[in-house]
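Asks: Submitted below is the structure of interest, expressed as structure tokens.
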Amino acid sequence: MQQMDGKLNFRQWLYLAGMLVAGLLVGYLYLTAGQPDMGIILDVRLPRLLLTVFTGMSLAAIGSVYQMMLANPLAEPYILGISSGAALGSVLAGLTGLFILMPLFGFMGAMLTMILVWTLAQKKGQFDRTRLLLSGIIAGMFLAAIISLIMYIYQKDTLLILGILMGNLGHIFSVGEFRFFLGCLLVGMGILVMLHRDSLKLDILSSGDLYAASVGLQAHKIRQRLFVLGSLLTGIVVSYAGIIGFVGLIIPHMVRLRVSNNQRLVYLHSLVWGAVFLLLCDFLAMHLTALELPVGVITSFIGCPFFVWLLLKKR
Amino acid sequence: MPEMKRKNIWLIIILLCCCLLGLGYLLIRSLPRQDAKKVSAEKRYVVLSPEIAEIIALLEGTGNIVGITQECNFPSEYAAKTVVGQFGNVNREAILRLRPSLLFCSSLEQQAVAAELAKLGVRTMVIYPHSLGEMLQAITTIGNAIGQAQRAKSVRDSLAEELEAVKAKRLGKFRPKVYLEIYRNPLMSVSDSSFVGQLIELSGGDNVFDHLDRDYCRIKAEDVIRKEPDIIICYSQDSPDIISHRMGWKHLPAVVNHRIYVEKDINPDWLLRAGPRCVSGLKRLQGLYAANGW
Numbered sequence: 002m003q004q005m006d007g008k009l010n011f012r013q014w015l016y017l018a019g020m021l022v023a024g025l026l027v028g029y030l031y032l033t034a035g036q037p038d039m040g041i042i043l044d045v046r047l048p049r050l051l052l053t054v055f056t057g058m059s060l061a062a063i064g065s066v067y068q069m070m071l072a073n074p075l076a077e078p079y080i081l082g083i084s085s086g087a088a089l090g091s092v093l094a095g096l097t098g099l100f101i102l103m104p105l106f107g108f109m110g111a112m113l114t115m116i117l118v119w120t121l122a123q124k125k126g127q128f129d130r131t132r133l134l135l136s137g138i139i140a141g142m143f144l145a146a147i148i149s150l151i152m153y154i155y156q157k158d159t160l161l162i163l164g165i166l167m168g169n170l171g172h173i174f175s176v177g178e179f180r181f182f183l184g185c186l187l188v189g190m191g192i193l194v195m196l197h198r199d200s201l202k203l204d205i206l207s208s209g210d211l212y213a214a215s216v217g218l219q220a221h222k223i224r225q226r227l228f229v230l231g232s233l234l235t236g237i238v239v240s241y242a243g244i245i246g247f248v249g250l251i252i253p254h255m256v257r258l259r260v261s262n263n264q265r266l267v268y269l270h271s272l273v274w275g276a277v278f279l280l281l282c283d284f285l286a287m288h289l290t291a292l293e294l295p296v297g298v299i300t301s302f303i304g305c306p307f308f309v310w311l312l313l314k315k316r
Numbered sequence: 002m003p004e005m006k007r008k009n010i011w012l013i014i015i016l017l018c019c020c021l022l023g024l025g026y027l028l029i030r031s032l033p034r035q036d037a038k039k040v041s042a043e044k045r046y047v048v049l050s051p052e053i054a055e056i057i058a059l060l061e062g063t064g065n066i067v068g069i070t071q072e073c074n075f076p077s078e079y080a081a082k083t084v085v086g087q088f089g090n091v092n093r094e095a096i097l098r099l100r101p102s103l104l105f106c107s108s109l110e111q112q113a114v115a116a117e118l119a120k121l122g123v124r125t126m127v128i129y130p131h132s133l134g135e136m137l138q139a140i141t142t143i144g145n146a147i148g149q150a151q152r153a154k155s156v157r158d159s160l161a162e163e164l165e166a167v168k169a170k171r172l173g174k175f176r177p178k179v180y181l182e183i184y185r186n187p188l189m190s191v192s193d194s195s196f197v198g199q200l201i202e203l204s205g206g207d208n209v210f211d212h213l214d215r216d217y218c219r220i221k222a223e224d225v226i227r228k229e230p231d232i233i234i235c236y237s238q239d240s241p242d243i244i245s246h247r248m249g250w251k252h253l254p255a256v257v258n259h260r261i262y263v264e265k266d267i268n269p270d271w272l273l274r275a276g277p278r279c280v281s282g283l284k285r286l287q288g289l290y291a292a293n294g295w
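Here you go:
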């Protein structure tokens, strides 16, 4: 049953609290597994935990917003091509030996792609939802082809490129890089708050542009705003963590299946569920075998069967 | 009448097609043929792996090499040879055009190329030394293959002697803990079962990642911190300054004592190529230990 007021009932509070407790538990394990000393916890694991939590929150949040904004259940943070732009930027920086500048190049790649997709999405000066989706997909495919070409030519850097394409949360921070990351984190959290504040408007948009106009909302302006905010956030995330599939697609659907259809609630739960899910996946990626596995593989291995189970249970 | 006309047109088209096909067939027949099975009593070698190229050079067989990969850059006389691609991306047609009597290649992706070319009758030899012992054995194998068995034996004996001498030089001395970084993102190092790991051990150092799942393997940054290496050899393009600013690394003995060495300090080809120049790598490593008072 749809809850329009966006307030949490007892069951939803319970889900949220349960997830938070699970998150704390996984977080504790994440930091302390293998009895590391305090130096390792503070200098290596805590930055990684922060990156993982931020990435999980952002991907799930953007997924929930895009699915609603584009009225497409397959929409996810990477569908608008921004991630490919960020990945290409990071790859180019890595290939030229500018490892420290990888996040910056990634971010620039994301921004340039955003401008391109934005321009292509205009129809007679108006923002068009279908054109946005199509131009995003085309731009993403084109940029992905460039990355494939680079990977083919620079085979010795295959690992670096795969790390970006399959997700790599084991970013090694220098002190300066970590400070810069904290700045990005702050900006990212600000964007997450702004997206949260647009939840009610998104709910209204889901009833149709005519209805939105009747209550004084300009649908295309809201979509523009959401697109820019979502792209900025995707750019930051991919620059640091690479492309981690599944979280942005599946988590919002899981939340809708278990909690509510109200966007504010979906958004709020997606933030927490996304963070906990990715934390768990990264923990498993690090400790399941002696060789660290790509986190993107784990997210799919866990996410797919769980989602199928949820679907079957709901039928 | 129009039907007759249409039939005639079809007949003409079919006749034209037949003529074109016939012409095409004759044209292809007239092209010079390369039968890989017939090539050469003469010695024409194509070498895809730089370490094999170095061994052949030591055995004075470079005169018969007609093709190499981009990575085969030592000794400098290889600069004049025809390049048939990169180590992991060779041009099969370019190899066939050179009509090799023998194709030398390494393991992994090159083996698949060798298997394909073998189907066309190209004789191939796969050589991928995992250890110093296998490297010495490779010298004998290559020597036999290129008709330089005698020279191979003397080169092998003298290299074995040099290796023994290098090993003896550090016996009983302090074994510094060595961390060798071959890749930065993700972090990768070498195990003792790799050729490089064995070189570190033989030089009198103690490879900090003695046991890994693979010879060249992904590692965790926190494991490097735990193992507190005395020396860092970094081939991942990061400068000593960048390494020393990595979070949690500033207290490592190698960082505190400025013992981070990069490509300009020790040529990566000396350590990473399983070839005869590894002796230079061993001596350089020992020089670094000695320079630090060990």
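Protein sequences appear in the order of chains S and E. Count along the first sequence from 1, then add 1; that gives the number in my numbering. Count along the second sequence from 1, then add 1; that gives the number in my numbering. In this text, a Cβ means the ideal position worked out from N, Cα and C, and glycines have one as well.
Within the same chain, show all residues whose beta-carbon is closer than 6 angstroms to that of PHE175 (chain E), passing over the 5 residues directly before and after it, in chain order.
Replies: Once the five neighbours on either side are set aside, the close Cβ partners of PHE175 (chain E) are TRP295.
Asks: Going by C-alpha distance, which of E:TYR290, E:ASN258, E:ARG274 and E:LEU213 is nearest ILE56 (chain E)?
Replies: Among E:TYR290, E:ASN258, E:ARG274 and E:LEU213, the Cα nearest to that of ILE56 (chain E) belongs to E:ARG274.
Asks: Tell me the rounded alpha-carbon separation between VAL257 (chain E) and TYR184 (chain E).
Replies: Roughly 22 angstroms separates the two Cα atoms.
Asks: When the Cα of LEU45 (chain E) is compared with those of E:LEU16, E:ILE96, E:GLY134 and E:PRO51, which residue comes out closest?
Replies: It is Arg, not Leu, that sits at residue 45 (chain E) in the sequence shown. Checked all of E:LEU16, E:ILE96, E:GLY134 and E:PRO51; the closest Cα to ARG45 (chain E) is E:ILE96.
Asks: Check whether the stretch 40-50 of chain S and the stretch 251-271 of chain S touch, using three or more Cβ-Cβ pairs below 8 angstroms as the test.
Replies: At 8 angstroms Cβ cutoff, the stretches do not touch.
Asks: Hey, ARG219 (chain E) and MET248 (chain E): beta-carbon distance below 8 angstroms or not?
Replies: Contact: no.
Asks: Of all the options S:ILE83, S:PHE228 and S:ASP38, which has the alpha carbon lying nearest to the alpha carbon of TYR67 (chain S)?
Replies: Selected option, being the one with the closest Cα: S:PHE228.
Asks: Which of helix, strand or coil does DSSP assign to MET248 (chain E)?
Replies: Residue state, collapsed to three classes: coil.
Asks: Can you say whether CYS106 (chain E) is buried or exposed, counting buried as having 16 or more other CB atoms within 10 angstroms of its CB?
Replies: Buried, by the Cβ-count rule.
Asks: Under 8 angstroms Cβ-Cβ, which residues of chain E neighbour PRO37 (chain S)?
Replies: Those within 8 angstroms of PRO37 (chain S) in chain E are GLU223 and ARG227.
Asks: With DSSP as the reference, identify every bridge partner of PHE105 (chain E), one or two as the case may be.
Replies: Per DSSP, E:VAL48 and E:MET126.
Asks: Could you check the C-alpha separation between TRP310 (chain S) and ARG257 (chain S) for me, to the nearest Å?
Replies: Looking at the two C-alpha atoms, the distance is approximately 14 angstroms.
Asks: What does PHE284 (chain S) touch in chain E if you count any residue whose Cβ is under 8 angstroms from its own?
Replies: Result: empty, since nearest Cβ-Cβ is about 13 angstroms, beyond 8 angstroms.
Asks: Compare the Cα-Cα distances from ALA72 (chain S) to each of S:SER208, S:ILE299 and S:VAL273 and report the closest residue.
Replies: Answer by Cα proximity: S:SER208.
Asks: How do the stretch 10-23 of chain E and the stretch 66-86 of chain E stand: do at least 3 beta-carbon pairs fall below 8 angstroms, yes or no?
Replies: Touching, no.
Asks: Which of the three DSSP states, helix, strand or coil, is assigned to TYR290 (chain E)?
Replies: TYR290 (chain E): helix per DSSP, three-state reduction.
Asks: Taking the alpha helix (DSSP H) that PRO154 (chain E) belongs to, which residues open and close that run?
Replies: Contrary to the premise, residue 154 (chain E) reads as Lys rather than Pro in this sequence. Counting along the chain, the alpha helix (DSSP H) containing LYS154 (chain E) begins and ends at 150-170.
Asks: Please list, in chain order, the chain E residues whose beta carbon lies closer than 7 angstroms to that of ALA291 (chain S).
Replies: By Cβ distance, chain E contributes ASP214.
Asks: Taking C-alpha atoms, which residue in E:LEU203, E:ASP239, E:ASP224 and E:ARG227 lies nearest to GLY173 (chain E)?
Replies: Nearest C-alpha to GLY173 (chain E): E:LEU203.
Asks: Can you tell me whether SER149 (chain S) is buried or exposed? The criterion is at least 16 other CB atoms within 10 Å of its CB, across all chains shown.
Replies: Result: exposed.
Asks: Any chance you could list the alpha helix (DSSP H) runs of at least 4 consecutive residues sitting entirely within the stretch 118-164 of chain S, in chain order?
Replies: Listed in chain order, they are 130-154.
Asks: What number of angstroms, rounded off, separates the C-alpha of VAL167 (chain E) from the C-alpha of GLY168 (chain S)?
Replies: So the two alpha carbons sit approximately 44 angstroms from each other.
Asks: Do the CB positions of TYR180 (chain E) and VAL156 (chain E) come within less than 8 angstroms of each other?
Replies: Result no, Cβ atoms of TYR180 (chain E) and VAL156 (chain E) do not sit closer than 8 angstroms.
Asks: Give me the Cα-Cα distance between ASP214 (chain E) and THR290 (chain S), rounded to the nearest whole angstrom.
Replies: The alpha-carbon atoms of ASP214 (chain E) and THR290 (chain S) are separated by roughly 10 angstroms.
Asks: For TYR184 (chain E), name the three-state secondary structure that DSSP assigns.
Replies: Here TYR184 (chain E) sits in strand by DSSP.
Asks: When you compare only the Cα positions, how much space is there between PRO12 (chain S) and GLN123 (chain S)?
Replies: The question names Pro, yet the displayed sequence has Arg at residue 12 (chain S). Whole-angstrom Cα-Cα distance: 43 angstroms.
Asks: Quick one: grab the DSSP three-state call for ILE233 (chain E).
Replies: Here ILE233 (chain E) sits in strand by DSSP.
Asks: I'd like to know if the stretch 265-281 of chain S and the stretch 110-130 of chain S are in contact, where contact means that at least 3 CB-CB pairs between them fall below 8 angstroms.
Replies: No contact exists between the stretch 265-281 of chain S and the stretch 110-130 of chain S.
Asks: What does the Cβ neighbour count give for TYR212 (chain S), buried or exposed, with the cut at 16 atoms within 10 Å?
Replies: By the 10 Å Cβ count, TYR212 (chain S) comes out exposed.
Asks: Pull up the distance between the alpha-carbon of HIS131 (chain E) and that of PRO51 (chain E), whole angstroms please.
Replies: Distance between the alpha carbons of HIS131 (chain E) and PRO51 (chain E): 15 angstroms.
Asks: Just how far apart, CA to CA, sit LEU196 (chain S) and ILE237 (chain S)?
Replies: Cα-Cα distance, rounded: 15 angstroms.
Asks: Residues of chain S with CB under 8 angstroms from ILE243 (chain E), in chain order?
Replies: Within 8 angstroms Cβ-Cβ: PHE100, ILE101 and SER175.
Asks: Can you check DSSP and say which residues form a bridge with LYS178 (chain E)?
Replies: Note: LYS178 (chain E) sits in a beta bridge opposite E:ASP207.
Asks: Taking MET109 (chain S) as the reference, which of S:GLY19, S:MET190, S:LEU233 and S:SER215 has the closest Cα?
Replies: Residue S:LEU233 is the option with its Cα nearest to MET109 (chain S).
Asks: Would you grab the beta carbon distance between ILE267 (chain E) and ARG285 (chain E) for me? Rounded to a whole angstrom, and I think it's under 8 angstroms.
Replies: That belief holds up - the Cβ atoms of ILE267 (chain E) and ARG285 (chain E) are roughly 5 angstroms apart, short of 8 angstroms.
Asks: Quick one: is PRO230 (chain E) buried, meaning 16 or more other Cβ sit within 10 Å of its Cβ, or exposed?
Replies: Buried, by the Cβ-count rule.
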